[in-house]
Amino acid sequence: MPGFGQVLASGETLTDGLAVDVPETWHQGRTAYGGFSSALALAVAQQVGGDLPPPRSAQLAMIAPLHGRIEARAKVEREGRNATWISAEISGEKGLGFTASFVFVRPIESGLAIDDRPLPDHVIPPEDGVALSTERGATFLRHNFDVRFALPRTEERRPEISWWVRPREHEGLDPMVELLLCADALPPGVMPLLGPTVPVSTMHWQVNLLTTAPETRDGWWLLRSTGDYAHHGCSSQRMGLWNAEGLPMLAGMQSIAVFG
């Protein structure tokens, strides 16, 4: 069961990217797990970009299923004084399946400082969290992550999911790549309101990276997804990721298709 770093290391280097085989252990339904594709796109963007500042934002589009042999390619779109924009695409045997736009920004001196990303209420520390049984869960979770519940059990059904997630293999991974690899591990926030057989699919993911150097204790990241709107088969959700010390690392928003 190859970890993500092993997948990258065994890939074929292209002039503008990387070709890899998606192991079935990284599948989410009939496609590669969204965090896998997002992390691969970032790794390829870093590869073609050279000496880049830290990534600070990304726009990610899950267009079509990706599996088997895939090719990830990236291109520098603009290199400014402080920021560099890089686009990336991932294609499979049936064509384009994923696109990404990244912006890498050098730290800039500023008198503005806001931090309004508090932890969810009543968070259980990772060392005290109950392990989530992944035997019947998504394939990528079973094989690649440790998962623990982060909020107390409740009978109330609400559009919110919060877990502690830790990758089992992360040696040699760029910290930002690891962050994207983990950040999409939750089911959509509206899942507690749906039947277990209702299909869902992420369409777009907007990510803002809130740190230039992500780090955490014992590998644990706190993830939270909250559905705040759902009509006519489309759900919008807010997403957050904190380290084990409670510091915000990532903020996001996703558009989810709900087929039922």
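If you count the sequence shown from 1, you need to add 317 to reach the working numbering. Every residue, glycine too, gets a C-beta built ideally from N, C-alpha and C. Computed from a predicted structure; not experimentally measured.
Taking the alpha carbon of residue i as the point to measure from, which residue in the options has its own alpha carbon closest?
i, options, result
"residue 399", "371, 387, 378", "371"
"residue 444", "572, 534, 548", "534"
"residue 369", "337, 332, 422", "422"
"residue 655", "537, 373, 346", "Because the chain spans 318 through 577 in this model, residue 655 falls outside it and cannot be assessed."
"residue 323", "491, 473, 522", "491"
"residue 330", "360, 428, 459, 546", "360"
"residue 526", "575, 471, 434", "434"
"residue 424", "577, 528, 365, 560", "528"
"residue 548", "532, 574, 564", "574"
"residue 512", "345, 452, 395, 476", "476"
"residue 364", "344, 328, 338", "328"
So, are the CB atoms of residue i and residue j less than 7 angstroms apart?
i, j, result
"residue 566", "residue 558", "yes"
"residue 454", "residue 506", "no"
"residue 389", "residue 335", "yes"
"residue 440", "residue 466", "no"
"residue 462", "residue 442", "no"
"residue 468", "residue 503", "no"
"residue 460", "residue 342", "yes"
"residue 494", "residue 356", "yes"
"residue 352", "residue 458", "no"
"residue 375", "residue 524", "yes"
"residue 470", "residue 510", "no"
"residue 362", "residue 387", "no"
"residue 564", "residue 531", "no"
Applying the criterion that 16 or more other CB atoms from any shown protein chain within 10 Å of the CB defines a buried residue, is residue i buried or exposed?
i, result
"residue 408", "buried"
"residue 405", "buried"
"residue 401", "buried"
"residue 332", "exposed"
"residue 576", "exposed"
"residue 515", "exposed"
"residue 354", "buried"
"residue 326", "exposed"
"residue 501", "buried"
Measure from the C-beta of residue i to each C-beta in chain C and report whether the shortest distance is under 7 angstroms.
i, result
"residue 389", "Among the protein chains of the structure shown there is no chain C, as only one such chain exists."
Leaving out the 5 sequence neighbours to the left and right, which residues in its chain are closer than 8 angstroms to residue i when beta-carbon positions are compared?
i, result
"residue 412", "381"
"residue 340", "318, 319, 324"
Excluding the 5 residues flanking residue i on each side, which residues of the same chain have their C-beta closer than 6 angstroms to its C-beta?
i, result
"residue 479", "437, 467, 468, 541"
"residue 378", "416, 521"
"residue 546", "553"
"residue 486", "320"
So, for residue i: in the same chain, excluding its five sequence neighbours on each side, which residues have a beta-carbon less than 7 angstroms away from its beta-carbon?
i, result
"residue 348", "382, 383, 384"
"residue 572", "520, 521, 551, 553"
Could you give the uninterrupted runs of the alpha helix (DSSP H) lying entirely in the region 393–479, keeping only those of 4 residues or more?
456–461
Output the residue ranges of the alpha helix (DSSP H) runs that lie fully inside the region 473–561 and measure 4 residues or longer, sorted by chain position.
492–500
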